[in-house]
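Only one structure is covered here, and it is reproduced in the block below.
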Amino acid sequence: MLSLERATVRFGGRAVLDAVDLTVAEHEVVCVLGPSGSGKSTLLRTVAGLQPLDAGRVLLDGRDQTGVPAHRREVGLMFQDHQLFPQRDVAGNVAFGPRIRGASRGEQRARVAELLELVGLPGAGRRSVAALSGGEQQRVALARALAPRPRLLMLDEPLGQLDRSLRERLVVELRELFGRLGTTVLAVTHDQGEAFALADRVVVMRDGRIAQQGTPSEVWQRPADAFVARFLGFDNVVEATVAGDAADTPWGKLPVPAGSPQGTRPVLVRPAGVRLVAPGEGLRCTVAARTFKGTHVAVRLRPEGDAPPLEAACVLRDAPEAGERVGVEFDGADVVVLG
Amino acid sequence: MDLARTEVAARRRAGAARLGLVAGPVAFFAVFFAYPVAAIVARGLKDGDGWHLGRITEVAASADVRHVLWFTTWQALASTALTLLIALPAAYVFARLDFPGKQVLRAVVTVPFVLPTVVVGTAFLALVGRGGLLDDLWGVRLDTTVWAILLAHVFFNYAVVVRTVGGLWAQLDPRQEEAARMLGASPFRAWRRVTLPALAPAVAAAALMVFLFTFTSFGVVQILGGPTFATLEVEIYRQTSQLFDLGTAAVLTLVQFAAVAAILAVHAATVRRRETALRLVDAAATARRPRGGGQWALLGGVLLTVPVLILLPLAVLVQRSFGDGGFGYYRALTREDGGTFLVPPIDAVGTSLTYALAATGIAVLIGGLAAAALARRDAGRLVRGFDALLMLPLGVSAVTVGFGFLIALDEPPLDLRSSWVLVPLAQALVGVPFVVRTMLPVLRAVDGRLREAAAVLGASPWRVWREVDLPLVRRALLVAAGFAFAVSLGEFGATVFIARPDNPTLPVAVARLLGRPGDMNYGQAMALSTILMIVCAVALLVLERLRTDRSGEF
Numbered sequence: 001m002l003s004l005e006r007a008t009v010r011f012g013g014r015a016v017l018d019a020v021d022l023t024v025a026e027h028e029v030v031c032v033l034g035p036s037g038s039g040k041s042t043l044l045r046t047v048a049g050l051q052p053l054d055a056g057r058v059l060l061d062g063r064d065q066t067g068v069p070a071h072r073r074e075v076g077l078m079f080q081d082h083q084l085f086p087q088r089d090v091a092g093n094v095a096f097g098p099r100i101r102g103a104s105r106g107e108q109r110a111r112v113a114e115l116l117e118l119v120g121l122p123g124a125g126r127r128s129v130a131a132l133s134g135g136e137q138q139r140v141a142l143a144r145a146l147a148p149r150p151r152l153l154m155l156d157e158p159l160g161q162l163d164r165s166l167r168e169r170l171v172v173e174l175r176e177l178f179g180r181l182g183t184t185v186l187a188v189t190h191d192q193g194e195a196f197a198l199a200d201r202v203v204v205m206r207d208g209r210i211a212q213q214g215t216p217s218e219v220w221q222r223p224a225d226a227f228v229a230r231f232l233g234f235d236n237v238v239e240a241t242v243a244g245d246a247a248d249t250p251w252g253k254l255p256v257p258a259g260s261p262q263g264t265r266p267v268l269v270r271p272a273g274v275r276l277v278a279p280g281e282g283l284r285c286t287v288a289a290r291t292f293k294g295t296h297v298a299v300r301l302r303p304e305g306d307a308p309p310l311e312a313a314c315v316l317r318d319a320p321e322a323g324e325r326v327g328v329e330f331d332g333a334d335v336v337v338l339g
Numbered sequence: 001m002d003l004a005r006t007e008v009a010a011r012r013r014a015g016a017a018r019l020g021l022v023a024g025p026v027a028f029f030a031v032f033f034a035y036p037v038a039a040i041v042a043r044g045l046k047d048g049d050g051w052h053l054g055r056i057t058e059v060a061a062s063a064d065v066r067h068v069l070w071f072t073t074w075q076a077l078a079s080t081a082l083t084l085l086i087a088l089p090a091a092y093v094f095a096r097l098d099f100p101g102k103q104v105l106r107a108v109v110t111v112p113f114v115l116p117t118v119v120v121g122t123a124f125l126a127l128v129g130r131g132g133l134l135d136d137l138w139g140v141r142l143d144t145t146v147w148a149i150l151l152a153h154v155f156f157n158y159a160v161v162v163r164t165v166g167g168l169w170a171q172l173d174p175r176q177e178e179a180a181r182m183l184g185a186s187p188f189r190a191w192r193r194v195t196l197p198a199l200a201p202a203v204a205a206a207a208l209m210v211f212l213f214t215f216t217s218f219g220v221v222q223i224l225g226g227p228t229f230a231t232l233e234v235e236i237y238r239q240t241s242q243l244f245d246l247g248t249a250a251v252l253t254l255v256q257f258a259a260v261a262a263i264l265a266v267h268a269a270t271v272r273r274r275e276t277a278l279r280l281v282d283a284a285a286t287a288r289r290p291r292g293g294g295q296w297a298l299l300g301g302v303l304l305t306v307p308v309l310i311l312l313p314l315a316v317l318v319q320r321s322f323g324d325g326g327f328g329y330y331r332a333l334t335r336e337d338g339g340t341f342l343v344p345p346i347d348a349v350g351t352s353l354t355y356a357l358a359a360t361g362i363a364v365l366i367g368g369l370a371a372a373a374l375a376r377r378d379a380g381r382l383v384r385g386f387d388a389l390l391m392l393p394l395g396v397s398a399v400t401v402g403f404g405f406l407i408a409l410d411e412p413p414l415d416l417r418s419s420w421v422l423v424p425l426a427q428a429l430v431g432v433p434f435v436v437r438t439m440l441p442v443l444r445a446v447d448g449r450l451r452e453a454a455a456v457l458g459a460s461p462w463r464v465w466r467e468v469d470l471p472l473v474r475r476a477l478l479v480a481a482g483f484a485f486a487v488s489l490g491e492f493g494a495t496v497f498i499a500r501p502d503n504p505t506l507p508v509a510v511a512r513l514l515g516r517p518g519d520m521n522y523g524q525a526m527a528l529s530t531i532l533m534i535v536c537a538v539a540l541l542v543l544e545r546l547r548t549d550r551s552g553e554f
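Residue numbers (the UniProt record's numbering), protein chains in the order written: chain A, 1 to 339; chain B, 1 to 554.
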């Protein structure tokens with residue numbers, strides 16, 4: 001459906017997109033995840049035809065889009081802050097695409113009604129866009145982007161400005177909606193929760209390059225490198241020497257899963273794999289801080305010597321107080337040798 | 001690589017589009033501004049055997065010219081200082097205080113700015129001149145002193161300061177001052193440390209505009225200055241039309257040109273500073289009911305100043321136009337008097353309106369194209385330089401432009417001397433800067449991503465302009481047209497040269513009537529000025545209703 005071949009964009013000598021290869025299959029929902037400045041919005045803009053490529057090309061349905069202006073690409077783009085047309089009402093916004101493409105008034109009206117129903121705002125057509133709440137604006141923007149039946153729908157930080165509970169509800173709605181409509185979607189976000197909830201496939205970007213791609217669980221289970229691991233929120237990452245079933249780290253010898261790559265590489269220990277035991281056993285640590293996280297308590301540990309701090313997850317009942325001395329052992333199943 | 005070449009071609013097309021937008025305004029200014037001005041300067045400094053650049057130093061060194069230059073400068077400085085002194089408190093009152101009748105009062109203070117200078121001069125003549133109100137009451141006459149000129153300049157430019165400074169002031173977030181208060185600053189200290197620095201560029205920009213307008217003042221000084229006081233512009237007029245000394249006039253034009261270019265350069269720099277780095281909020285949310293003696297005193301001061309400074313001169317003008325209480329002077333306007341004009345003076349109303357409408361059309365077209373080119377985010381340095389050039393007609397001697405039209409546009413391929421379109425063309429030159437200044441901030445404020453949103457939804461570039469830009473700038477376009485109309489209607493310096501004797505515009509007719517002795521002519525001038533004032537005031541009131549964005553420059 002969509003493929004980028006060595007797509008490159010430079011701003012003043014700096015490559016914002018650096019020879020990116022990416023494909024999106026029909027009916028697939030792909031989410032590009034990355035910190036701000038990683039080039040993910042630029043990626044969307046090149047596909048939409050709003051940003052010319054310096055090298056490489058974009059293909060839609062196998063056709064090279066070089067030189068095709070934005071208004072002839074038939075892709076939809078939902079902007080970060082929606083960009084609803086302020087001088088038009090809700091119906092005017094949703095009908096914009098069909099109208100430009102020459103739909104009759106009747107067709108426009110039917111399409112507006114259908115889409116407002118779909119996004120859960122039936123009968124809102126006459127309302128002014130200025131009077132809409134953030135969540136409603138987001139729905140109207142989605143309806144507007146879907147109205148001309150784009151072959152590819154792109155979302156730029158679709159839920160970025162909404163508050164947390166609304167975001168969590170909408171992400172489920174979107175997922176369900178795209179599944180029902182069979183829409184091909186390319187979304188970008190900096191929020192891993194959003195990406196994992198929305199996507200069939202996640203693409204992690206860093207400095208204009210793709211750092212890793214895979215299904216949400218693949219990426220979560222096996223981050224490709226230290227950057228991806230840290231971006232996903234894992235802090236227990238150290239350099240280690242892996243030999244056989246053990247890794248030599250500043251925290252001592254850690255068991256690693258069988259078949260892990262060998263040699264000097266970063267190693268990740270998931271907080272769940274850091275087990276607290278009686279003081280005197282295993283690695284000696286002092287509890288630096290504890291943070292209540294709802295389902296568990298994140299415990300920050302300072303090991304003796306100059307090893308980097310560790311984070312452990314434990315249930316509230318077992319969580320030690322700050323200042324307590326504890327021992328630490330490691331569970332090999334939660335240790336990941338990174339690339 | 002092929003692909004890269006297509007992209008380059010796309011960029012080149014964008015460049016060509018930009019060039020296309022700029023080409024029209026550039027050609028217009030080249031033919032109807034640069035060429036006539038250059039022609040008349042050349043006429044003054046050149047004769048059969050070459051250039052006489054020695055004339056420049058010779059004239060510039062003469063005592064008379066130095067005297068005129070000195071007077072022009074100091075009266076402009078004094079006018080600017082006086083205007084700031086009186087108008088800055090008003091800017092505060094309009095920005096931060098909420099009181100009944102504020103909208104009406106705001107419209108009232110703006111009236112003078114769109115009034116033709118000739119009307120302003122006439123109104124002050126009726127107030128402080130021979131046989132004026134003060135003369136009648138207490139035997140006080142100011143028209144022989146410089147005070148009449150200074151007061152008229154304050155009257156005229158009050159709105160510039162109130163609008164430019166007050167507009168920004170109203171949009172400054174009051175919470176910034178509150179933050180300073182929470183950090184321990186007294187109210188005055190908070191104002192001085194937080195608000196004043198934010199306002200300073202706007203104050204500077206307003207002061208420069210006032211200085212520019214008063215430095216090039218013509219109509220007001222022509223009427224109130226008598227034989228004693230002359231600005232450069234008045235002197236250029238005298239040298240050109242009465243002494244036929246084109247050489248001196250050319251040198252004076254160059255002197256004024258240099259001064260104005262310097263002022264505009266400083267203005268451009270302050271405006272650029274203003275555009276950056278300020279957090280603005282909705283103006284409607286920052287005004288409060290006055291509290292405490294200080295605020296009530298300021299409000300009282302403004303409520304007193306406006307009637308005395310602005311309404312009184314206009315009221316006296318209207319009163320004088322009725323002479324002994326009848327419509328005699330107005331009736332006289334409809335009679336053919338054969339002397340001053342070849343037509344009844346009242347015909348000037350129709351002529352003026354026709355010319356002003358044509359000039360507005362030209363100004364909106366040229367100014368709109370220029371603003372569209374300047375607003376593009378990819379506008380290069382050359383285009384931005386053009387922005388500053390567009391302001392030049394505001395400062396270059398209108399008299400020179402007018403006379404330049406006469407001598408430059410009188411032969412093929414451009415023989416317009418006998419064409420009526422000459423007047424609207426000259427008037428449009430002064431209107432264009434206003435159109436650009438009004439449209440540009442609005443066009444720049446249109447979020448580029450709105451256009452992108454439309455493009456992604458399938459709208460071609462032309463469709464994007466029609467569907468996104470036009471609805472958003474329609475209001476600004478109307479406001480710009482209104483300004484251009486008012487300015488064209490009141491244009492005097494250039495029109496006085498090129499309006500044909502049988503087709504005078506209102507300001508020209510007023511000036512001619514004033515130039516003749518006798519109560520009848522004086523009264524008719526007052527009556528005609530009143531008509532002109534009403535036309536301008538109506539145009540302004542329509543504008544006030546349309547105007548929403550008050551952070552523009554005028």
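Just so it is clear, CB atoms sit at the ideal spot from N, CA and C, and this is done for glycine as well.
- A distance of 9 Å or more separates the beta carbons of B/Gly-490 and B/Leu-212.
- For B/Thr-334, there is no enclosing alpha helix (DSSP H), as DSSP marks it with neither H nor E.
- When Cβ-Cβ separations below 9 Å define contact, A/Ala-110 makes no contact with chain B.
- Look at B/Gly-458: its C-beta is under 9 Å from a C-beta on chain A.
- Counting only Cβ-Cβ distances below 7 Å, B/Pro-471 has contacts in chain A at Gln-87, in chain order.
- Within chain A, no C-beta atom comes nearer than 8 Å to that of B/Arg-320; the closest sits roughly 47 Å away.
- Neighbours of A/Leu-77 in chain B, taken as residues whose beta carbon is under 7 Å from its own, are Val-456 in chain order.
- The C-beta distance from A/Ala-187 to A/Leu-155 rounds to 4 Å, short enough to meet the 8 Å contact threshold.
- For B/Arg-463, the residues of chain A that pass the 9 Å Cβ criterion are His-71, Ile-100, in the order they occur in the chain.
- By the Cβ criterion, the stretch 292-302 of chain A is not in contact with the stretch 252-259 of chain A, since fewer than three pairs of Cβ atoms, one from each stretch, lie closer than 8 Å.
- Within the DSSP secondary-structure output, A/Phe-330 pairs in a beta bridge with A/Val-274.
- The CB of B/Arg-376 never comes closer than 7 Å to any CB in chain A; the least such distance is about 15 Å.
- Taking a C-beta distance under 9 Å as the contact criterion, A/Gly-97 and A/Gly-125 do not qualify as a contact pair.
- Taking a C-beta distance under 9 Å as the contact criterion, A/Gln-192 and A/Phe-231 qualify as a contact pair.
- Proximity of the stretch 107-121 of chain B to the stretch 173-192 of chain B falls short of the contact definition, fewer than three beta-carbon pairs being nearer than 8 Å.
- Looking at B/Leu-125, B/Glu-452, B/Met-533, B/Leu-513, the one whose alpha-carbon comes closest to that of A/His-71 is B/Glu-452.
- By the rule that beta-carbons nearer than 9 Å mark a contact, A/Leu-4 does not touch chain B.
- Under the DSSP assignment, A/Asp-248 falls in the beta strand (DSSP E) whose first and last residues are 246-249.
- The C-beta of A/Gln-213 comes no closer than 9 Å to any C-beta of chain B.
- In the three-state scheme derived from DSSP, where H, G and I count as helix and E and B as strand, A/Gly-102 is classed as coil.
- Contact between the stretch 155-167 of chain B and the stretch 85-96 of chain B is present: 3 or more CB-CB pairs across the two stretches fall below 8 Å.
- Per DSSP, reduced to three states, the secondary structure at A/Leu-132 is coil, with no helix or strand assignment.
- For A/Ile-210, the uninterrupted beta strand (DSSP E) run begins and ends at 209-214, by DSSP.
- Relative to the Cα of B/Thr-122, the nearest Cα in the group B/Ala-30, B/Pro-501, B/Gln-524 belongs to B/Gln-524.
- Annotation for B/Leu-513: Asn-521, Gln-524, Ala-525 place their beta carbon closer than 6 Å to its own, counting only its chain and skipping 5 residues before and after.
- Within the stretch 48-59 of chain A, contact with chain B at the beta-carbon level (separation under 9 Å) is assigned to Ala-48, Gly-49, Leu-50, Pro-52, Leu-53, Asp-54, Ala-55, Gly-56, Arg-57.
- Using a CB distance cut-off of 9 Å, B/Arg-449 counts as an interface residue toward chain A.
- One alpha carbon belongs to B/Pro-227, the other to B/His-67, and they sit about 14 Å apart.
- B/Leu-528 and B/Ala-348 have their C-alpha atoms some 9 Å from each other.
- Comparing alpha-carbon positions, the option among B/Val-221, B/Gly-350, B/Leu-252, B/Val-496 lying closest to B/Leu-125 turns out to be B/Val-221.
- Per the coordinates, the alpha-carbon of A/Asp-248 lies some 6 Å from the alpha-carbon of A/Val-242.
- For A/Phe-79, DSSP records a beta bridge to A/His-82.
- Contact annotation for A/Pro-148 against chain B: Leu-457, Gly-458 [CB-CB distance below 7 Å, chain order].
- Against chain B, the CB of A/Glu-74 has a partner CB under 9 Å away; the residue lies at that interface.
- Within the same chain, Cβ atoms closer than 7 Å to the Cβ of B/Ala-76 are found at Phe-211, Thr-214, Phe-215, the five residues on either side in sequence being excluded.
- In chain order, Phe-79, Gln-83 make up the part of chain A whose C-beta sits under 7 Å from the C-beta of B/Ala-453.
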